[in-house]
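All residue numbers for the sequence shown refer to my numbering, where the first residue is 2 and numbers rise by one.
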Amino acid sequence: MLKTIAKNDPSLLAAVARLRRVQQVWGLLLILWGVITAYAGGSAHPLAGLPFIAIGLLALLWREPALLAAVATLMAFAIVPGLNPRLTVLGPDPVVIFGQLSWLETAAIVVGKLLIVLTAANQFFLYRFLYGTERATTSQPDLAIIPAMVPNRTDGLARAARLMGMTAAGLGALAVLLTFVDATAYLPSVLAEMAGSLGVTALGLGLGAAFSPTDERPAALLAAMTGLLGYALCAVALIRLG
Numbered sequence: 002m003l004k005t006i007a008k009n010d011p012s013l014l015a016a017v018a019r020l021r022r023v024q025q026v027w028g029l030l031l032i033l034w035g036v037i038t039a040y041a042g043g044s045a046h047p048l049a050g051l052p053f054i055a056i057g058l059l060a061l062l063w064r065e066p067a068l069l070a071a072v073a074t075l076m077a078f079a080i081v082p083g084l085n086p087r088l089t090v091l092g093p094d095p096v097v098i099f100g101q102l103s104w105l106e107t108a109a110i111v112v113g114k115l116l117i118v119l120t121a122a123n124q125f126f127l128y129r130f131l132y133g134t135e136r137a138t139t140s141q142p143d144l145a146i147i148p149a150m151v152p153n154r155t156d157g158l159a160r161a162a163r164l165m166g167m168t169a170a171g172l173g174a175l176a177v178l179l180t181f182v183d184a185t186a187y188l189p190s191v192l193a194e195m196a197g198s199l200g201v202t203a204l205g206l207g208l209g210a211a212f213s214p215t216d217e218r219p220a221a222l223l224a225a226m227t228g229l230l231g232y233a234l235c236a237v238a239l240i241r242l243g
């Protein structure tokens with residue numbers, strides 16, 4: 002019979018405390034970035050920054066390793082508007098709006114965001130073990146079992162992400178259709194950015210749930226796929242809108 006590590010093990014307790022601090026830092030940073038993005042977007046982009054603020058608030062409130070995957074996903078897609086200002090899916094890049102950047106400065110911003118993505122993704126793969134490893138498959142079957150040290154909300158996150166992803170795909174398809182009616186209208190732009198925001202959030206939460214212990218892995222994978230589809234349709238609509 003495999004040994005189960007005690008819940009009061011100092012190393013596990015320290016890991017839980019580090020997870021809390023890590024998520025508080027990400028939460029504050031995402032909220033700050035979301036507020037700045039919303040300010041940069043102005044009335045032309047009423048949904049700008051909202052996904053960052055929403056995930057940031059959840060990161061502050063919950064000890065939920067799956068949210069780290071959402072942080073990584075949001076920051077990965079935040080690179081896009083800095084490279085192509087027409088693709089304001091999560092809102093315009095504030096750095097581009099408030100400053101005239103050279104190609105070298107743009108490259109530095111991209112590298113900085115990539116480092117954030119890699120850091121958050123690495124933290125996710127590390128701290129997800131705090132959900133417990135009783136159900137995990139491993140090539141080293143003699144490893145001691147880590148007990149569940151944090152609440153596991155991945156079932157609910159997967160179902161919520163599935164709804165967001167399906168909504169994103171539907172809104173994205175509607176936005177694309179409306180661009181054929183009037184490619185200068187305001188409504189297709191808002192619908193497209195709504196689809197993209199929901200899509201990226203669904204993708205991040207879906208990936209976080211899918212790679213964690215969950216009973217809703219099919220829902221999580223569907224969330225990721227439909228979220229990505231919603232983002233793609235949003236991009237098509239925004240490109241057509243110019």
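Idealized CB from N, CA, C, for every residue including glycine.
Computed from a predicted model, the values in this text were never measured in an experiment.
- Task: Would you identify the three-state DSSP class for I80, choosing helix, strand or coil?
- Result: Along the sequence shown, one-based indexing puts residue 80 at 79. Reduced to three states, the DSSP call for I80 is coil.
- Task: Classify D94 as buried or exposed, calling it buried when 16 or more other Cβ atoms lie within 10 Å of its own Cβ.
- Result: The sequence position of residue 94 within the sequence shown is 93, counting from 1. It counts as buried.
- Are A39 and G92 touching if we call contact CB-CB under 8 Å? The residue you call residue 39 lines up with position 38 of the sequence shown. The residue you call residue 92 lines up with position 91 of the sequence shown. Closer than 8 Å, so yes.
- Item | Per-residue burial, F99 [other beta carbons within 10 Å of its own, 16 or more giving buried] | Here residue 99 is taken as the residue at index 98 of the sequence shown, counted from 1. The residue in question, F99, is exposed, as its Cβ has fewer than 16 Cβ neighbours within 10 Å.
- Message: Using only the alpha-carbon positions, how far apart do L58 and A15 sit?
- Response: Counting from 1 along the sequence shown, the entry for residue 58 is found at position 57. Counting from 1 along the sequence shown, the entry for residue 15 is found at position 14. If I take the Cα positions, the gap works out to 23 Å.
- Can you find at least 3 beta carbon pairs, one from the region 199–206 and one from the region 223–243, that sit closer than 8 Å? Result yes; three or more Cβ-Cβ pairs closer than 8 Å.
- Query: Which residue or residues does DSSP assign as beta-bridge partners of T5?
  - Reply: Sequence index remark: in the sequence shown, residue 5 carries index 4 (1-based). Answer by DSSP bridge pairing, in chain order: I146.
- Message: Give me, in chain order, the residues of the same chain whose beta-carbon lies closer than 6 Å to that of A211; leave out the 5 immediate sequence neighbours on both sides.
- Response: The residue labelled residue 211 in the question sits at position 210 within the sequence shown. So the list reads R218, A221 and L222, once near-sequence residues are dropped.
- Query: Which value, in whole angstroms, describes the spacing of the CA atoms of L229 and V151?
  - Reply: As a first step, residue 229 is located in the sequence shown; it is residue number 228 there, counting from the start. As a first step, residue 151 is located in the sequence shown; it is residue number 150 there, counting from the start. Per the coordinates, the alpha-carbon of L229 lies some 29 Å from the alpha-carbon of V151.
- Measure the CB-CB distance between A238 and G173 and report whether it falls below 8 Å. Residue numbering aside, residue 238 sits at position 237 when the sequence shown is read from its first letter. Residue numbering aside, residue 173 sits at position 172 when the sequence shown is read from its first letter. Yes, the pair counts as a contact, with Cβ atoms nearer than the cut-off.
- Item | Buried versus exposed, by CB contacts within 10 Å (16 or more), L131 | Along the sequence shown, one-based indexing puts residue 131 at 130. Buried, since its Cβ has 16 or more Cβ neighbours within 10 Å.
- Return yes when the Cβ of V191 is within less than 8 Å of the Cβ of P52, no when it is not. As a working note, residue 52 is residue 51 in the sequence shown. As a working note, residue 191 is residue 190 in the sequence shown. Contact: no.
- Item | Spatial distance of A71 from G209 (CA atoms) | Along the sequence shown, read from residue 1 onward, the residue named residue 71 stands at position 70. Along the sequence shown, read from residue 1 onward, the residue named residue 209 stands at position 208. Rounded to whole angstroms, A71 to G209 spans 7 Å at the Cα level.
- Query: What is the rounded straight-line gap between the Cα of A162 and the Cα of T227?
  - Reply: Position 161 of the sequence shown, counted from the first residue, corresponds to residue 162. Position 226 of the sequence shown, counted from the first residue, corresponds to residue 227. Rounded to the nearest angstrom, the two C-alpha atoms are 9 Å apart.
- Message: Rounding to the nearest angstrom, what Cα-Cα distance links K4 and N123 in this structure?
- Response: On the sequence shown, position 3 is the one that residue 4 refers to. On the sequence shown, position 122 is the one that residue 123 refers to. Cα to Cα, the separation comes out at about 27 Å.
- For F1, name the three-state secondary structure that DSSP assigns. Within the shown structure, residues of the chain are numbered from 2 to 243, placing residue 1 beyond reach of any answer.
- Item | Given G133 as reference, the closest of G113, I146, D216 and A49 once Cα atoms are compared | By one-based count along the sequence shown, residue 133 stands at place 132. Checked all of G113, I146, D216 and A49; the closest Cα to G133 is I146.
- Query: CA-CA distance, L68 and F125?
  - Reply: What you label residue 68 is simply residue 67 of the sequence shown in a count that begins at 1. What you label residue 125 is simply residue 124 of the sequence shown in a count that begins at 1. Roughly 8 Å between the two C-alpha positions.
- Query: If you draw a straight line from the C-alpha of A79 to the C-alpha of Q25, how long is it?
  - Reply: Counting from one through the sequence shown, the residue named residue 79 turns up at place 78. Counting from one through the sequence shown, the residue named residue 25 turns up at place 24. Straight-line Cα distance between these residues: approximately 20 Å.
- Item | Cβ distance (whole Å) where G50 is taken to contact G42 below 8 Å | Mapped onto the sequence shown, residue 50 falls at position 49. Mapped onto the sequence shown, residue 42 falls at position 41. Yes, they are in contact, since the Cβ atoms of G50 and G42 sit about 7 Å apart, within 8 Å.
- Task: Classify A49 as helix, strand or coil using the three-state DSSP reduction.
- Result: Residue numbering aside, residue 49 sits at position 48 when the sequence shown is read from its first letter. A49: coil per DSSP, three-state reduction.
- Message: So, under 8 Å CB-CB, L31 and I56 are touching, yes? Tell me the CB distance rounded to an integer number of Å.
- Response: As a first step, residue 31 is located in the sequence shown; it is residue number 30 there, counting from the start. As a first step, residue 56 is located in the sequence shown; it is residue number 55 there, counting from the start. The pair is a contact, with the Cβ atoms about 6 Å apart (cut-off 8 Å).
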